[in-house]
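Working notes, beginning with the structure itself.
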Amino acid sequence: MFSFRYLFFAAIFMAAALLMTASHAAARDTDAEAGVFAVTGVAVDETAEDAAAARAAALRNARKTAFEMLSERLVPDQTRRKAVLDDADEQTISTLIESFEINEEAVSDVRYIATLTFYFRPEITKKFFQSRVYGELVTSMPDTVLILPVIRYSDITTGSVFWGARNPWLTAWQTHDHSRSFVPVRVPAGDSTDLRLAAESDMVRHNRDAIDRLMQRYQATDAVMAIFEVEDPSFRYGLLHLYALDGDEMAHKRTVNLDNGENLEGALFTDGIAKTVFYLEDRWQQTAKTAAAKPVAPQTGLAGFFHSGTPAEPVQKTGGKEPIVADIAFTNMGEWLAIQKRVEETFSVEDIEVLSLGRNSARTKISFRGSEDQLRRAFVQQGLELAVPVSSPYDRAEERVYGLHVTPQFYAPPVQPETVPQQMPVENVPPYQLVPQQ
40 MFSFRYLFFA AIFMAAALLM TASHAAARDT DAEAGVFAVT GVAVDETAED
90 AAAARAAALR NARKTAFEML SERLVPDQTR RKAVLDDADE QTISTLIESF
140 EINEEAVSDV RYIATLTFYF RPEITKKFFQ SRVYGELVTS MPDTVLILPV
190 IRYSDITTGS VFWGARNPWL TAWQTHDHSR SFVPVRVPAG DSTDLRLAAE
240 SDMVRHNRDA IDRLMQRYQA TDAVMAIFEV EDPSFRYGLL HLYALDGDEM
290 AHKRTVNLDN GENLEGALFT DGIAKTVFYL EDRWQQTAKT AAAKPVAPQT
340 GLAGFFHSGT PAEPVQKTGG KEPIVADIAF TNMGEWLAIQ KRVEETFSVE
390 DIEVLSLGRN SARTKISFRG SEDQLRRAFV QQGLELAVPV SSPYDRAEER
440 VYGLHVTPQF YAPPVQPETV PQQMPVENVP PYQLVPQQ
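Pasting the structure below:
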């Protein structure tokens, strides 16, 4: 009698745990989807016979511009996107918009200037696009990118600089408004905690461990090093070298010329930031375009079984890596839920799917960004250890199963704040270096 009753309640608890897993995953997907259908930075400037007419014309054009920006995001392929744009009139676009907000506004008697954010209705907007576009839509958010601005001086004594007042390039990134970039961007604050996590010598040498520690602190899943090469002491022109994570290395991706033709203060840094952001968005567009062209298998396993309503839709992954299968051991259900929460909060992890759940172990499939080595380091930060999988030497096609367990002691960066601190003050800047106005 006892054994049957125990099994009954254990089954109920396991089902509840699986449903909780599915609900957490659904909540993450919903938040990401809402971000995809929010279009920021829509700028308008209209002139008419009076302010009211200028405002009406500006909002009309803003709705169209926002829809075009959303189309580029959801359908990177220009040929396929044309079918959507040709079939979207003003009234149709209005029905797809849920709300909008005005971020900046300036009005005169005959002119209206504003910057707006539009929020589209996710479900009906997806149906509108899917009925006109063959293939998958890109409804995944880009990775959060940590920008590492390094300035390289021509004189050997100074050389390359990352931290401190001698790097006005870092200051320019810290003071720039990144809220309108679709690719989420983080910039190191340059405080004492940053300096403990990553010494300047580590950063200029592209030390991967130091970069990973900063990525962990700023909850970034990717990193790009933007090296500003000073060719002119008066900052009229320069070179920008962009390096991005490629496996376990920082690989050179692009070099562009920077020009301050109008000789405006800070204009060269502004140009460099704009070209870096363009590279990030162009890179994501190319990745999304490739991902959207690939057929995606429907969701299977226990997650699909416990999914209510219609069959689960394919989920586009941005990491580009095959998921790993990991066995997680635990002593009770409370410990299992705690471990599961740690895995979900690991910054490299995109999703965790429970394949099977027993009394003292669970088999999971973990989707992640970056390399396996980066995933292993990220787990260490959460107090978890990813064991090397053991596979049969006679069957190379056999599925590799990892082991994931809690470590009794684990490394944590010192003074881990809950919020990212403000930038350090810039002091003692040599007279020949240019610092943007606050």
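Each residue of the sequence shown is one higher than the one before, counting from 40 in my numbering.
The beta carbon of each residue, even a glycine, is placed where N, CA and C say it ideally should be.
#### Entry: Bridge partners - M372, DSSP secondary structure assignment
Translated into positions along the sequence shown, residue 372 becomes position 333. In DSSP, M372 forms no bridge with anything.
### Query
With a Cβ-Cβ cutoff of 8 angstroms, do V269 and T178 count as a contact?
The count along the sequence shown starts at 1 and reaches residue 269 at position 230. The count along the sequence shown starts at 1 and reaches residue 178 at position 139. Against a cut-off of 8 angstroms, the Cβ pair of T178 and V269 comes out as no contact.
### Query
Quick one: what does DSSP say A25 is sitting in, helix, strand or coil?
Nothing in the structure corresponds to residue 25, since the chain is present only between 40 and 477.
### Task
Look at the alpha carbon of N274 and the alpha carbon of V382, and state the distance between them as a whole number of angstroms.
Taking the first residue of the sequence shown as 1, we reach residue 274 at position 235. Taking the first residue of the sequence shown as 1, we reach residue 382 at position 343. Position check: residue 274 holds Phe in this sequence, whereas Asn was assumed. C-alpha separation (whole angstroms): 46 angstroms.
### Query
Hey, how far is the Cα of V222 from the Cα of D366?
Locating residue 222 in the sequence shown gives position 183, where the first residue counts as 1. Locating residue 366 in the sequence shown gives position 327, where the first residue counts as 1. Going by C-alpha positions, V222 is about 34 angstroms away from D366.
#### Entry: The alpha helix (DSSP H) enclosing R252, as first and last residue numbers
In the sequence shown, the residue the question calls residue 252 occupies position 213. Here the alpha helix (DSSP H) through R252 covers 247-256.
### Query
For the beta strand (DSSP E) that contains L443, what are its first and last residues?
Position 404 of the sequence shown holds residue 443. That run of the beta strand (DSSP E) goes 440-445.
### Message
Just to check my reading of the structure: R225 and L185 have Cβ atoms closer than 8 angstroms, yes? What is that Cβ distance to the nearest angstrom?
### Response
Counting from one through the sequence shown, the residue named residue 225 turns up at place 186. Counting from one through the sequence shown, the residue named residue 185 turns up at place 146. Contact flag correct, Cβ pair sits at about 5 angstroms.
### Message
With the cut-off set at 8 angstroms, would you say E389 and K404 are in Cβ contact?
### Response
As a position in the sequence shown, residue 389 is number 350, starting the count at 1. As a position in the sequence shown, residue 404 is number 365, starting the count at 1. Contact: no.
### Message
For H215, count the other beta carbons within 10 Å of its own beta carbon; 16 or more makes it buried, fewer makes it exposed. Which is it?
### Response
Mapped onto the sequence shown, residue 215 falls at position 176. Classified as buried, H215 has 16 or more neighbouring CB atoms from the shown chains inside 10 Å of its CB.
### Query
If you follow the beta strand (DSSP E) that T164 is part of, which residue opens it and which one closes it?
Numbered from 1 along the sequence shown, position 125 holds the residue referred to as residue 164. Per DSSP, T164 lies in no beta strand (DSSP E); the unbroken alpha helix (DSSP H) holding it starts and ends at 161-169.
### Message
Going by C-alpha to C-alpha distance, which of A95, L297, Q420 sits closest to F267?
### Response
Taking the sequence shown and counting its residues from 1, one reaches residue 267 at position 228. Taking the Cα of F267 as reference, the smallest distance to any Cα among A95, L297, Q420 is reached at L297.
### Message
Quick check on the DSSP output: what are the complete alpha helix (DSSP H) runs of length 4 or more inside the segment 176-221, in order along the chain?
### Response
Counting whole runs of 4 or more residues, the segment 176-221 contains the alpha helix (DSSP H) stretches 207-214.
### Task
Kindly give me the distance between the Cβ atoms of V83 and L109, rounded to whole angstroms, as I take these residues to be in contact under 8 angstroms.
Position 44 of the sequence shown holds residue 83. Position 70 of the sequence shown holds residue 109. With a beta-carbon spacing of about 16 angstroms, V83 and L109 fall beyond the 8 angstroms limit used to define contacts.
### Query
Given V123, which residues of its chain have a CB within under 7 angstroms of its CB, disregarding the five upstream and five downstream residues?
Residue mapping note: residue 123 aligns to position 84 of the sequence shown, counting from 1. Non-local C-beta neighbours of V123 in its own chain, meaning closer than 7 angstroms and more than five positions away in sequence, comprise S110, V114, F168, R171, V172, ordered along the chain.
### Query
Who are the near neighbours of N399 in its chain, counting only those whose CB is closer than 7 angstroms to its CB and skipping five residues on each side?
Within the sequence shown, residue 399 is the residue found at index 360, counting from 1. Excluding positions up to five away in sequence, the list reads A368, F369, T370.
### Query
Roughly how far, in whole angstroms, is the beta-carbon of A85 from the beta-carbon of N100, given that I think they are within contact range, below 8 angstroms?
What you label residue 85 is simply residue 46 of the sequence shown in a count that begins at 1. What you label residue 100 is simply residue 61 of the sequence shown in a count that begins at 1. Sequence inspection shows Glu at residue 85; the Ala mentioned does not correspond to that position. Contact annotation, E85 with N100: C-beta distance approximately 7 angstroms; criterion of less than 8 angstroms satisfied.
### Query
Any idea what DSSP makes of T79, helix, strand or coil?
Counting from 1 along the sequence shown, the entry for residue 79 is found at position 40. Annotated three-state conformation of T79 is strand, per DSSP.
### Query
What separation, rounded to the nearest whole angstrom, lies between the Cα atoms of Y151 and R102?
For this step, residue 151 is matched to residue 112 along the sequence shown. For this step, residue 102 is matched to residue 63 along the sequence shown. Y151 and R102 have their C-alpha atoms roughly 15 angstroms apart.
### Task
Taking the CB atoms as reference points, tell me whether L414 and F407 lie closer together than 8 angstroms.
The count along the sequence shown starts at 1 and reaches residue 414 at position 375. The count along the sequence shown starts at 1 and reaches residue 407 at position 368. Yes, the pair counts as a contact, with Cβ atoms nearer than the cut-off.
### Task
Give the single residue among R94, V81, R112 whose Cα lies nearest to the Cα of Q325.
Residue numbering aside, residue 325 sits at position 286 when the sequence shown is read from its first letter. Of all alpha-carbon atoms in R94, V81, R112, the one lying nearest the alpha-carbon of Q325 is that of R112.
### Task
Mark D261 as exposed unless 16 or more other C-beta atoms lie within 10 angstroms of its C-beta, in which case mark it buried.
For the purposes of this step, residue 261 is identified with residue 222 of the sequence shown, where counting begins at 1. Buried, since its Cβ has 16 or more Cβ neighbours within 10 Å.
### Query
Once you ignore the five residues that flank P181 on each side, which residues in its own chain have a CB closer than 6 angstroms to its CB?
Here residue 181 corresponds to residue number 142 of the sequence shown, with the count starting at 1. Spatial neighbours of P181 in its own chain (CB-CB distance under 6 angstroms, excluding positions within 5 residues in sequence) are listed in chain order as V222, W323.
### Query
Skipping 5 residues on each side, what residues in its chain have a beta carbon closer than 7 angstroms to that of Y318?
The residue you call residue 318 lines up with position 279 of the sequence shown. So the list reads L281, R293, once near-sequence residues are dropped.
### Query
Applying the criterion that 16 or more other CB atoms from any shown protein chain within 10 Å of the CB defines a buried residue, is T164 buried or exposed?
As a position in the sequence shown, residue 164 is number 125, starting the count at 1. T164 sits buried, since 16 or more C-beta atoms from the chains shown fall within 10 Å of its C-beta.
### Task
Let me know the secondary structure DSSP gives L234 once reduced to three states.
Looking up residue 234 in the sequence shown gives position 195. Secondary structure of L234 (DSSP, three-state): helix.
### Query
How would you label I141, buried or exposed, when you count the other beta carbons within 10 angstroms and need 16 or more for buried?
Locating residue 141 in the sequence shown gives position 102, where the first residue counts as 1. It counts as exposed.
#### Entry: DSSP-derived helix/strand/coil call for A451
Taking the sequence shown and counting its residues from 1, the one referred to as residue 451 is at position 412. With a pLDDT of only 37 at A451, under 50, the local geometry of the prediction cannot be trusted, and the value read off the model is given with reservation. Three-state result, A451: coil.
#### Entry: Option in A238, T309, M242, D148 with minimal Cα separation from T210
Looking up residue 210 in the sequence shown gives position 171. It is T309 whose Cα lies nearest to the Cα of T210.
#### Entry: Buried or exposed (CB count within 10 angstroms, at least 16 for buried), A237
Here residue 237 refers to the residue found at position 198 of the sequence shown. With 16 or more other Cβ atoms within 10 Å, it is buried.
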